[in-house]
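Here is the structure we will look at, set down as structure tokens.
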Amino acid sequence: MSSKKFITASMAAFAASASFALNYFCGQPDNSQREYKWSTCNWGSEVQFASADLPNKPGTNDNVHARPGGYTLEVDVDANVLSLSVGNNSEIFSNGRKIKAKQHLGVGIALSNNSQTLMDFRNSKVEANSINYTYWSQAKQAGLGIFRLEDSVCTIKNNVISNIPVNFSITDIEGRPGCAITLVGKSVLDIGGRIMMDPIISEQPDTWTFRINLEEKNGALPLLRVYKRSDMTIADINVTLGDSIPKGKYTLIDFQDKKTSVKNARSIRVNGGEYKLGDPIRIGSREGKLVLAKPTNSTAKDRQTANDLVLEVK
């Protein structure tokens, strides 16, 4: 083969190999270190076994994972990858970063009672195709899988989904495990599709949970926007309010589908106590209430249907 043909063939082989996604796991499973930063991390290619360190940092065609079992991965650089996932009972977080996942953000539901897995973005801008909650089919216990934003904006092109396989090994679940979305302060979570939780959450609502936590911070309130029809009868809505919210009307959950509402949510709680829509809430020297109303923000496409969760403060 001529040198020209050899170089051409080599370049073609390299391009083909580069098109395959690689799995990057922070650190090595046989290492006592549990806390890593993206910028300085050594990356392995196997989740359970030690492997040779990968020579490069993750790229746009790669899947990045925080290993399951108590690892912490700080995304301390702007990241653009195929997918970003946190294994059960571990944590991924960022502060002040831009993060893009062409496919999904993955959250593994914790595998021990009253524990959690956390994907936490602070002061960040995040984009992904979907959010996927998963659960190991052979687990005997379960905790929470939490997707959290604090003063961050996240745009999800399609759906938020969960997959909890039928598991006859589970014998001693405590504390209603499952999936949670937590939005704090100036956060906005924009879901272009629908929220689709596993049927087990609706079939066993006293055992499993889907939680939406909305928390005020420094007078700012978060916004959850969902574009397509979603079943909110399974949702436990938890709203946390401080004393510094100014007078006004604030949309907390904006449903673009006219038939989606939290009217028949499994539960609504404010500052930890059970709450009925329309009841008064003491907010410092002011009085407020949660109601179903037309959206208050100018960016809403459906501005006529009174199905959004709105906080009114007088």
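In the working numbering, the protein residues as written are 140 to 453. Where a beta carbon is used, it is the ideal one built from N, C-alpha and C, also for glycine.
CA-to-CA distance, residue j to residue i, given in whole angstroms
| i | j | result |
| --- | --- | --- |
| T399 | R364 | 11 Å |
| E289 | S184 | 31 Å |
| N473 | T372 | With the chain covering only 140 through 453, there is no way to say anything about residue 473. |
| I340 | V409 | 22 Å |
| L360 | N252 | 31 Å |
| I303 | D345 | 15 Å |
| D441 | F394 | 8 Å |
| R333 | P385 | 31 Å |
| V401 | S326 | 20 Å |
| Y389 | Q172 | 44 Å |
| Q255 | S301 | 15 Å |
| I351 | C318 | 9 Å |
| E342 | G282 | 18 Å |
| Q167 | E174 | 11 Å |
| G387 | I420 | 14 Å |
With 16 other Cβ atoms within 10 Å as the buried cut-off, status of residue i
| i | result |
| --- | --- |
| D192 | exposed |
| P434 | buried |
| D447 | buried |
| G247 | buried |
| T321 | buried |
| R287 | buried |
| S383 | exposed |
| F188 | exposed |
| S291 | buried |
| P316 | buried |
| Q443 | exposed |
DSSP state of residue i mapped onto helix, strand, coil
| i | result |
| --- | --- |
| S341 | helix |
| V186 | coil |
| T372 | coil |
| S254 | coil |
| A319 | strand |
| A404 | coil |
| G387 | strand |
| E426 | strand |
| V292 | strand |
| V305 | coil |
| L360 | coil |
| P434 | coil |
| S229 | coil |
| D418 | coil |
Top-ranked residue by Cα proximity to residue i, from the options
| i | options | result |
| --- | --- | --- |
| G423 | I407, V409 and L380 | L380 |
| N170 | W177, L161, A160 and N181 | N181 |
| K176 | G427, V216 and P197 | V216 |
| R236 | G245, F159, S222 and F260 | F260 |
| L431 | R442, G417, L328 and P168 | G417 |
| V214 | V292, F188 and S263 | S263 |
| G284 | Y272, V292, L391 and N436 | Y272 |
| N297 | R368, S233 and E342 | R368 |
| N357 | G324, M335 and A374 | G324 |
| E355 | P194, L391 and N195 | L391 |
| L250 | R425, G166, W275 and T310 | W275 |
| A218 | A267, P419, G166 and M335 | A267 |
| A160 | R425, T199, V265 and C293 | T199 |
| I330 | V299, I309, W347 and Q443 | V299 |
| N195 | W347, C165 and I270 | C165 |
8 Å Cβ cutoff met for residue i and residue j
| i | j | result |
| --- | --- | --- |
| V378 | L362 | no |
| A240 | G226 | no |
| I312 | Q277 | no |
| P207 | Y163 | no |
| K415 | E451 | no |
| G245 | N228 | no |
| S233 | N202 | no |
| D375 | S406 | yes |
| L212 | I238 | no |
| L257 | C293 | no |
| F349 | M335 | no |
Residue-level contact to chain D via CB, residue i, 8 Å cutoff
| i | result |
| --- | --- |
| G427 | As a matter of chain content, chain D is missing from the structure shown, which is built from one protein chain. |
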